[in-house]
Amino acid sequence: MSPSTNMQTPPSRAGGADSMSDSEDDEHGYFGHHVSASDSPQFGRMRRDLIRDPEFIEAFARNHIQAPVSPAIAASVVPDEIDEGSEPRSLDNLPLATLERARVQLGAYEPRTTLPAETCEANVSLISILRKNVGKELSSISMPLVMNEPINALQSLCEELMYSRLLQQADDMDDGLDRLMYVAAFAISTLSSKKYRAERKPFNPLLGETYEMVDSLGGYRFVSEKVSHHPPVMACYADSPFYRFWQDSSIKNKFWGKSMEFIQTSNVNIELLKHGDHFTYCKPSALVRGLISGNRSVDFTGEMSIVNHTTGDSCSVHFKEAGMFSSSNDMVECHLRRGGHSQVERVLRGSWSSHMCFEKSTTDSDVLWTAVSPLPDANRYYGFSYFAMRLNELTPGMQQALPTTDTRFRPDQRAYEEGRIEDAEQIKQKLEDAQRARKRERDESGTPWKAQWFEERDDKQSPTGRSWQYRGGYWDAHAKNAYPRTIELW
18 MSPSTNMQTP
28 PSRAGGADSM
38 SDSEDDEHGY
48 FGHHVSASDS
58 PQFGRMRRDL
68 IRDPEFIEAF
78 ARNHIQAPVS
88 PAIAASVVPD
98 EIDEGSEPRS
108 LDNLPLATLE
118 RARVQLGAYE
128 PRTTLPAETC
138 EANVSLISIL
148 RKNVGKELSS
158 ISMPLVMNEP
168 INALQSLCEE
178 LMYSRLLQQA
188 DDMDDGLDRL
198 MYVAAFAIST
208 LSSKKYRAER
218 KPFNPLLGET
228 YEMVDSLGGY
238 RFVSEKVSHH
248 PPVMACYADS
258 PFYRFWQDSS
268 IKNKFWGKSM
278 EFIQTSNVNI
288 ELLKHGDHFT
298 YCKPSALVRG
308 LISGNRSVDF
318 TGEMSIVNHT
328 TGDSCSVHFK
338 EAGMFSSSND
348 MVECHLRRGG
358 HSQVERVLRG
368 SWSSHMCFEK
378 STTDSDVLWT
388 AVSPLPDANR
398 YYGFSYFAMR
408 LNELTPGMQQ
418 ALPTTDTRFR
428 PDQRAYEEGR
438 IEDAEQIKQK
448 LEDAQRARKR
458 ERDESGTPWK
468 AQWFEERDDK
478 QSPTGRSWQY
488 RGGYWDAHAK
498 NAYPRTIELW
């Protein structure tokens, strides 16, 4: 299919597969990892819920899916346990339903391992652009398209779940410090993709733009939405049989002349379901250096505090800063403390870009996490990992399953990914003009903007006392192929 083929045109109605799957391999269950969950009572209970749920069974019939529910799930249900008179329950509370649909529908589909076009040239002086816009928020500056990478900020939030297996491992641990240890490793792992991507930034989503991922290999489903344009705020929510993950991403920036600092102003939340633990942390500040030399790099600075609000356990994460003539080598050190105690009980050391280890003694350590190695030809494809290459892919059946607001249908980003730079520039301008026109119409009519899937609520753990949280309903709408048509973005 040629790059100009209009395969990404949003459908008039949705139907078909949920999203993507990596593998049909059932050796390790549906999630493709060695963490054992199938023996837990909670896992078995959720599997029985999947079979009982009439709404899920109806969705199978409506979408003409001939494949049966997988033998592993079917075998876990005793026939006389199924209550035919039970009330339909929300698929928002049944992540396994969505995951199993994706696994069955896509079968042996293999995700792509390259992008449609190689990295485009970016002969642009960032420092000259910033100097012309001194005092302005970076989000309000119109950057040349070639300074982007072919994913957007909503998809970047999903990329943080690349090492979600660490949360599954955390949920499987009985000791609170073990759980905290793996949550800390996960929090640090979310930074690793930035190492080789400092040269470019993600696309800025349009207000109301959404993105979803159903990853049956990773064992989670994810939904995100741009909920505010000024200030720019992206909210996301992911769940699995083991954990819930949510955040609203709001960033402030400072221009230091030779470098740019990005400061996260909101929390990441993680809930481990087996133990009821609720963790929060605020991402560290990111410092992009080399704005003048053009050889840009990123460092993370300061301290990150991870707190388990259920047990009181805490972890302080210290990032080593680079000196004037020395590199930080991305070094990071974590100190873990039990609730109510100031004594450090465990120390983790490693690098935010490559690995984290638990130092059991001066001669013995356990590796908690190791980053995947960069691809041999990563520079040809924006420094992307295989995981990142999946984020904007339209897999078979997905066109009929996604809402029209999903990022995969965004035409300028699709044209950019396919190497049609001039087309992408023109489309981007039209999309931004249309967004400004919608804003004027709302202002003139006095109609406030309302996000579709998230709402702002009181949050005692948030630095501001408020945060954007998932309101529910997305996965029900997905199963019914009935998304609300509140906005036309493109």
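Residues in the sequence shown are numbered from 18 upward in steps of one, following the working numbering. From the three backbone atoms N, C-alpha and C, an ideal C-beta is built for every residue, glycine too. None of these values were measured; they are calculated from a predicted model.
Using the beta-carbon count (16 or more within 10 Å), is residue i buried or exposed?
{"i": "Met164", "result": "exposed"}
{"i": "Glu229", "result": "buried"}
{"i": "Arg431", "result": "buried"}
{"i": "Glu505", "result": "exposed"}
{"i": "Ala454", "result": "exposed"}
{"i": "Trp466", "result": "exposed"}
{"i": "Asn482", "result": "A quick correction: the sequence has Gly, not Asn, at residue 482. With fewer than 16 other Cβ atoms within 10 Å, it is exposed."}
{"i": "Pro105", "result": "With a pLDDT of only 49 at Pro105, under the threshold of 50, the placement of this residue in the model should not be trusted, and no figure is reported."}
{"i": "Ser206", "result": "buried"}
{"i": "Pro501", "result": "exposed"}
{"i": "Val422", "result": "Sequence inspection shows Thr at residue 422; the Val mentioned does not correspond to that position. Buried."}
{"i": "Asp347", "result": "buried"}
{"i": "Glu101", "result": "Note that Glu101 scores a pLDDT of 39, beneath 50, so its modelled location is shaky; the value from the coordinates is reported in the next line. Glu101 is exposed by the Cβ-count criterion."}
{"i": "Lys477", "result": "exposed"}
{"i": "Gln264", "result": "buried"}
{"i": "Ser390", "result": "exposed"}
Please classify residue i: does DSSP put it in a helix, a strand, or coil?
{"i": "Met415", "result": "helix"}
{"i": "Ile504", "result": "coil"}
{"i": "Cys137", "result": "coil"}
{"i": "Gly225", "result": "coil"}
{"i": "Thr421", "result": "coil"}
{"i": "Trp492", "result": "helix"}
{"i": "Lys497", "result": "helix"}
{"i": "Lys271", "result": "strand"}
{"i": "Pro428", "result": "helix"}
{"i": "Met251", "result": "strand"}
{"i": "Leu408", "result": "coil"}
{"i": "Leu290", "result": "coil"}
{"i": "Ser3", "result": "Any answer about residue 3 is impossible in this case: the structure gives the chain only from 18 up to 507."}
{"i": "Ser173", "result": "helix"}
{"i": "Lys300", "result": "coil"}
{"i": "Tyr399", "result": "coil"}
{"i": "Thr387", "result": "strand"}
{"i": "Gln446", "result": "helix"}
{"i": "Asp191", "result": "coil"}
{"i": "Lys467", "result": "coil"}
{"i": "Ser257", "result": "coil"}
{"i": "Tyr487", "result": "strand"}
With C-beta atoms as the reference, is residue i less than 7 angstroms away from residue j?
{"i": "Ser319", "j": "Ser302", "result": "The sequence as given places Gly at residue 319; Ser does not occur at that position. Yes; because the gap between Cβ atoms is below 7 angstroms, this pair is in contact."}
{"i": "Pro420", "j": "Ile444", "result": "no"}
{"i": "Tyr491", "j": "Val240", "result": "yes"}
{"i": "Ser368", "j": "Lys212", "result": "no"}
{"i": "Tyr237", "j": "Tyr487", "result": "no"}
{"i": "Thr227", "j": "Glu216", "result": "no"}
{"i": "Ser266", "j": "Met277", "result": "no"}
{"i": "Ser173", "j": "Pro222", "result": "no"}
{"i": "Leu162", "j": "Ala451", "result": "no"}
{"i": "Val231", "j": "Thr115", "result": "yes"}
{"i": "Arg120", "j": "Ser233", "result": "yes"}
{"i": "Phe336", "j": "Val349", "result": "yes"}
{"i": "Asn312", "j": "Thr297", "result": "no"}
{"i": "Lys275", "j": "Leu308", "result": "yes"}
{"i": "Arg214", "j": "Gly489", "result": "no"}
{"i": "Leu289", "j": "Ala418", "result": "no"}
{"i": "Ser210", "j": "Glu176", "result": "yes"}
{"i": "Pro434", "j": "Pro248", "result": "At residue 434 the sequence reads Glu, which differs from the Pro that was named. Their beta carbons are not under 7 angstroms apart, which means Glu434 does not touch Pro248 by this criterion."}
Between residue i and the rest of its own chain, which residues show a CB-CB distance below 6 angstroms, the 5 nearest in sequence each way excluded?
{"i": "Leu184", "result": "Phe203, Tyr260"}
{"i": "Ile280", "result": "Lys269, Ser302"}
{"i": "His13", "result": "Look at the range of the chain in this structure, 18 to 507, and you will see that residue 13 is not part of it."}
{"i": "Ala494", "result": "Tyr500"}
{"i": "Glu473", "result": "Arg483, Trp485"}
Which same chain residues end up closer than 8 angstroms to residue i when comparing Cβ atoms and leaving out the 5 residues on each side of it in sequence?
{"i": "Tyr398", "result": "Thr131, Leu132, Glu135, Thr136, Leu392, Met406"}
{"i": "Leu353", "result": "Leu194, Leu197, Met198, Ala201, Asp330, Ser331, Cys332, Val361, Glu362, Arg363, Val364, Leu365"}
What does DSSP give as the partner residues of residue i in its beta bridges?
{"i": "Asp109", "result": "Paired residue(s): none; Asp109 is not in a bridge."}
{"i": "Met348", "result": "Ser368"}
{"i": "Met321", "result": "Val334"}
{"i": "Ile280", "result": "Lys269"}
{"i": "Ser382", "result": "Glu376"}
Please work out which residues of its chain come closer than 7 angstroms, Cβ to Cβ, to residue i, disregarding the five sequence neighbours upstream and downstream, and give them in chain order.
{"i": "Thr6", "result": "Beyond the ends of the chain as shown, which are 18 and 507, falls residue 6; an answer cannot be given."}
{"i": "His372", "result": "Val384, Trp386, Thr387, Ala388"}
{"i": "Thr503", "result": "Gln469"}
{"i": "Ser382", "result": "Cys374, Phe375, Glu376"}
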